[in-house]
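A.B. asks: Before I ask anything, let me first share the structure, which is written out below as structure tokens.
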Amino acid sequence: METGNAGDMAALNLARLIAAAADTIAAHAEELTTLDQAIGDGDHGLNMKRGFEAVRAEAAAFSARPLPEALKAIGTKLVMTVGGASGPLFGTLFLALGKQISAAPDRANLTAAFGKAIEAVAARGKSQVGQKTMLDVLQPVHDALLQGKTAPEIADIADAAAKATVPMKALRGRASFLGDRSIGHMDAGARSTTLLVRTIVETLEGQP
Ligand code: ADP
Ligand code: MG
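So in the numbering used here, spot 177 of the sequence shown is number 191, and the numbers just go up one at a time.
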């Protein structure tokens, strides 16, 4: 991720990424549920775990496909299995990423595709940065990619961005029903997003 060499992600091991992502979500499912209990309906951990276990179950088939097709298939699977508001949104993220990414992306292609995918999420959610949602992590990660940040820096930026949702007032999703009472809690979708970002960048960096 750091070098930006063309083809530096060509050997991307999707099966390993899927396993790492599903492991992380499973390990943090309770935490995500607790966050969603505070200002939502308490299903985010279960939603994410169901979706990522469904993706894990078909990891071999997904990994056998070219990266754009694999990402689209993962997005479709997430839409079908995560549920809640976050299912269609995470699903859209991967679907749109699959539509934009090349089979052997370099950093520039990944960054551009990720930017388009975030736009697709915002369109689907009728949402924007600053509303205490997953977008509040996705956008800083995109900015970090554009700025040429290293993988560890990107993971830390994502964590800080999730923490920065604590003082925000929710303007989208269930938490927005609480108005000012949504202030003082981390957004569950921002937390799951930073968990996935850290896992993905650390797994990519650890690849031979
Ligand atoms: P639900 O809110 O239907 O119970 P989840 O609990 O699985 O679904 O997901 C909630 C998360 O989804 C929120 O924490 C937030 O990050 C994200 N979210 C909800 N609505 C939107 C939206 N309109 N745009 C972007 N993200 C959203
Ligand atoms: Mg919920």
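We put the beta carbon where it would ideally sit given N, CA and C, even for glycine. These numbers come from a predicted model, not from an experiment.
1) State the CB to CB distance for the pair ALA87 and ALA33, rounded to an integer number of angstroms; the pair is presumed to be in contact (CB under 8 Å).
2) Under DSSP, the alpha helix (DSSP H) around ASP170 begins and ends at which residues?
3) At what residue ranges does the segment 106-157 contain a whole run of the alpha helix (DSSP H), taking only runs of 4 or more?
4) Rounded to the nearest angstrom, how far is the Cβ of LEU149 from that of SER141, given a contact under 8 Å?
5) Where does GLN161 land, buried or exposed, given buried means 16+ other C-beta within 10 angstroms?
6) Please identify the residue among ALA118, LEU28, GLY203 whose C-alpha is closest to the C-alpha of ALA135.
7) Determine the direct distance from the alpha carbon of LEU46 to that of SER206, and round the result to whole angstroms.
8) Measure the CB-CB distance between ALA158 and LYS130 and report whether it falls below 7 Å.
9) Any heavy atom of ligand 3 within a distance shorter than 6 Å of the CB on GLY97?
10) In the DSSP assignment, the alpha helix (DSSP H) including ARG205 goes from what residue to what residue?
11) Tell me the residue span of the alpha helix (DSSP H) that contains LYS86.
12) Whole angstroms are fine: how far does the CA of PRO102 sit from the CA of LYS91?
13) Between PRO166 and the rest of its own chain, which residues show a CB-CB distance below 6 Å, the 5 nearest in sequence each way excluded?
14) Note down, in chain order, each residue of its chain lying with its Cβ closer than 6 Å to the Cβ of ASP50, except the 5 sequence neighbours on either side.
15) Counting along the chain, where does the alpha helix (DSSP H) carrying LEU28 start and finish?
C.D. replies: Taking the geometry as given:
1) That belief does not hold up - the Cβ atoms of ALA87 and ALA33 are roughly 16 Å apart, past 8 Å.
2) 165-177
3) 121-139
4) 6 Å
5) exposed
6) Checking the sequence shown, residue 135 turns out to be Val, not Ala. Answer by Cα proximity: GLY203.
7) 7 Å
8) no
9) This structure lacks ligand 3; the ligands present are ligand 1 and ligand 2.
10) 202-219
11) 81-95
12) 10 Å
13) none
14) GLY56, HIS58, ALA202
15) 28-41
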